[in-house]
Structures are given as structure tokens and as C-alpha cells.
């Protein structure tokens with residue numbers, strides 16, 4: 001009797017890895033992006049088909065369309081030195097009321113943005129606001145900057161970006 005070979009059963013001649021398979025450390029985002037793009041397309045197609053609220057038959061009227069905001073916003077600035085600046089032009093205080101009345105007659109909007117330096121006393125700001133009201137501007141918007149203290153004196157939270 002001669003020497004023989006010992007065959008191992010199973011495996012079919014393949015080598016097996018020893019130990020556990022390493023876990024995949026990255027996520028394949030391609031299927032996720034594919035699904036999101038399909039959902040985006042579905043919503044883009046469906047959005048124009050949606051109507052808002054209850055179906056209502058609107059009556060015809062002679063009313064015109066709402067005016068478009070084609071006018072440049074009117075800005076009045078009060079500097080710390082006491083200068084009055086309308087848009088980008090410095091004007092004298094005694095010219096303010098006649099100039100504002102002329103502007104109010106030409107404009108469709110009666111809104112004005114008032115920018116006053118923080119060093120100016122409130123009484124002067126109130127006088128300018130009264131003059132603007134007398135000139136025909138009854139929508140006076142006070143312009144401020146962000147980041148000041150809250151009403152209770154505590155520092156504001158950091159702005160979220």
C-alpha cells in the first residue's frame with residue numbers, strides 16, 4: 001500500500017478568510033440621492049396642480065390690481081452731528097418739510113425709513129417723526145441694527161446662521 005492524499009471536504013478548493021469581516025465604514029449615498037431626486041420631480045409636477053383652500057368662484061369687480069413696489073424705498077438719516085440726509089443728499093432742517101411734502105405728492109407709497117444715530121436725543125427724533133407725519137408720511141419705519149441688549153438688559157443670544 002502506498003502513500004495517499006487526504007482530501008478535505010467542503011469549500012470546493014477555495015480559501016477561507018480567517019477572522020471576522022471588516023465592517024464597512026462609509027455609507028453609499030447614491031441610492032439616497034436617487035430617491036430624493038425622484039421625490040423632488042414628483043413634487044415639482046404636483047405643486048402647480050394643488051389649489052389653496054376651498055374652491056370658490058370669485059366675482060368680477062372693477063377694482064384694479066395692487067400696485068407693484070417699483071419705487072425706491074425712501075430713507076431719511078439723522079447723523080450724530082445733526083445732519084439730515086435724504087436718500088444720499090444732505091439737506092437743511094428748514095428744507096425738510098417742504099421737500100417731504102413735494103415727495104409725498106409724487107409717490108404712491110407713504111412709507112419712509114428713518115435711520116437715526118444712537119447718540120441723537122429722542123426729542124430730536126420725535127420732532128423729525130412729527131415733521132414726517134405732517135408732510136404726509138404716516139408709515140414711519142425705524143431702522144436699527146441687530147445685536148443689542150434685550151429689554152431685560154441681558155445680552156442677546158448669538159445669531160443663528
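Residue numbers (full-length UniProt numbering): 1 to 161.
We put the beta carbon where it would ideally sit given N, CA and C, even for glycine.
Small disclaimer: the values here were computed from a predicted structure and weren't measured.
A distance of 7 Å or more separates the beta carbons of residue 131 and residue 103. With contact defined as three or more Cβ pairs closer than 8 Å, the region 134-143 and the region 107-115 are in contact. Membership of residue 29 in any alpha helix (DSSP H) is not indicated, and neither H nor E is assigned to it by DSSP. A direct Cα-Cα distance of roughly 27 Å separates residue 31 from residue 20. Around the CB of residue 29, fewer than 16 other CB atoms lie within 10 Å, so the residue is classed as exposed. Beta-bridge analysis with DSSP links residue 111 to 139. Classified as exposed, residue 38 has fewer than 16 neighbouring CB atoms from the shown chains inside 10 Å of its CB. A straight-line Cα-Cα distance of about 5 Å links residue 101 and residue 135.
Burial state of residue 35 is exposed, judged by a 10 Å Cβ sphere holding fewer than 16 other Cβ atoms.
Per the C-alpha coordinates, the member of 62, 44, 137 and 75 positioned closest to residue 108 is 137.
Residue 87 and residue 46 have their alpha carbons spaced roughly 45 Å apart.
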